[in-house]
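Written below as structure tokens is the structure these notes are about.
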Amino acid sequence: MNWYLKVIKDNYANFNGRARRKEFWMFYLFHIIIIFILAFISGFLSGSSESFTGMIPLIIYGLGTFIPYIAVCVRRLHDTGKSGWFFLISFIPYIGGLIILIFMAQNGNIGPNKYGPDPKAPDMDEINDIGKPILE
3 MNWYLKVIKD
13 NYANFNGRAR
23 RKEFWMFYLF
33 HIIIIFILAF
43 ISGFLSGSSE
53 SFTGMIPLII
63 YGLGTFIPYI
73 AVCVRRLHDT
83 GKSGWFFLIS
93 FIPYIGGLII
103 LIFMAQNGNI
113 GPNKYGPDPK
123 APDMDEINDI
133 GKPILE
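In terms of this note's numbering, the sequence shown opens at residue 3 and continues consecutively.
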């Protein structure tokens, strides 16, 4: 849960630096769990009515986490040595999401790259250094 909160609180719209696989997948796991819980609550609140008022918590959460989701995806792409613009591949119908999934599952570059130091480097305090840009 610390990884999720770190993305939401400290790196809300931080598109600089690198995100290791653990940061991305832990964020994604808790993101999906929260969506399922809110969808269940929204369905319960809506009941059999045709009103969309029960969907308000889910919509607010979705809008609130849209930017952090894109930011952590961009930082994850940076870790693999790719530009954040590669995220636009996800808009290609049918195969775009699969390609992005493969990119997110790849190992990051070992050592520093043009987007920042290696987040897995032994000298880094990983939870406190997530998403920090290069200081040159």
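Cβ coordinates follow ideal geometry from the N, Cα and C atoms, glycine included. Since this is a predicted model, take the numbers as computed values, not measurements.
{"Item": "Gly118 beta carbon less than 8 angstroms from that of Arg20", "Value": "yes"}
{"Item": "Anticipated Cβ contact below 8 angstroms, Pro121 with Asp81, distance rounded", "Value": "7 angstroms"}
{"Item": "Straight-line gap, Phe93 to Ser53 (C-alpha atoms, nearest Å)", "Value": "30 angstroms"}
{"Item": "Under 8 angstroms between C-beta atoms of Met28 and Tyr14", "Value": "no"}
{"Item": "Leu90 - containing alpha helix (DSSP H), residue span", "Value": "Careful: Leu90 lies outside any alpha helix (DSSP H) and carries neither H nor E."}
{"Item": "8 angstroms Cβ cutoff met for Ile91 and Ile102", "Value": "yes"}
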